[in-house]
Amino acid sequence: MADDFDVPTSAYDRTMASERGGYDREREKIRQIERDLRELNRTAALFSRTIAGAFAQGIASGRGFDEILKGLYLRLSDLALRAAIKPVESALTSGLTRIFGGLFGVSGGTQVAAASGAVKPFAAGGVIGTPTYFPLSSGGLGLAGEAGPEAILPLTRTASGRLGVAAAGGATPANIIVNIATPDADSFRRSEVYVTGQIARAVARGQRGL
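Every position in the sequence shown, counted from 1, becomes a number in my numbering once 577 is added.
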């Protein structure tokens with residue numbers, strides 16, 4: 578008797594699961610329609626404010642009707658162009674995120690330079706706290722902050738024409754002497770880049786403490 582009831586119960590479960598899946602898909606379609614309608618309402622309201630504002634400014638400034646229409650045409654063209662580009666921009670950003678995620682094994686939350694839409698200037702310096710990609714002048718991609726916070730320091734051209742990092746404090750120059758003792762010159766040459774980097778970081782820490 579138990580076997581007789583297993584078949585209809587299983588069929589019923591499959592039917593209900595299929596119905597729930599169809600219901601969820603329809604709900605998502607309705608949500609998308611609601612989002613599109615809200616965006617359409619915002620765009621229509623923006624167009625209305627633009628038209629009213631153009632006529633109000635034209636009347637207040639005493640411009641002719643032809644000038645008002647020309648200005649209104651330019652404003653509406655700009656709004657239409659922005660509305661047309663927005664879906665393409667969103668699709669491009671999403672595509673770039675997926676491409677970088679596939680190439681470098683990073684999650685969608687990893688910052689991709691110039692892809693998130695928010696541009697932060699670092700002319701005065703700053704700190705990168707999360708893995709961030711940035712374009713190189715050679716055409717490749719650089720990665721900063723992958724091992725922890727990293728600082729960006731602006732370069733200052735000295736009186737001699739050289740570029741360097743400006744340090745706060747007195748004008749008296751400080752001489753730094755580094756003694757390295759190694760029995761193997763070849764191993765030192767192989768680790769020269771690492772040693773130079775360590776010295777540069779130590780100098781930077783010392784300058785911050787002045």
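Think of the CB as a built atom: it goes at the ideal place given N, C-alpha and C, for glycine as much as any other residue.
Quantities reported herein were computed from a predicted structural model and do not represent experimental measurements.
| field | Which of helix, strand or coil DSSP assigns to T592 | value | helix
| query | Where E727 and S714 are concerned, what is the direct C-alpha to C-alpha distance, given to the nearest angstrom? | reply | 20 Å
| Local conformation of L623 per DSSP, three classes | helix
| field | Top-ranked residue by Cα proximity to E723, from K606, P731 and V704 | value | V704
| request: Measure the Cβ-Cβ separation of T620 and R652 and say whether it is below 8 Å. | output: no
| With 16 other Cβ atoms within 10 Å as the buried cut-off, status of P731 | exposed
| Where G598 and L720 are concerned, what is the direct C-alpha to C-alpha distance, given to the nearest angstrom? | 42 Å
| query | If we call anything under 8 Å between Cβ atoms a contact, is I729 one with G702? | reply | yes
| Which value, in whole angstroms, describes the spacing of the CA atoms of L617 and E611? | 10 Å
| said: Can you give me the C-alpha to C-alpha distance between Y710 and R602, rounded to a whole angstrom? | reply: 36 Å
| Unbroken beta strand (DSSP E) run spanning L718, endpoints | L718 to A721
| task | Pull up the distance between the alpha-carbon of A622 and that of S595, whole angstroms please. | result | 41 Å
| field | Range of the contiguous beta strand (DSSP E) that encloses T733 | value | L732 to R734
| At which residues does the beta strand (DSSP E) containing G703 begin and terminate? | G703 to I705
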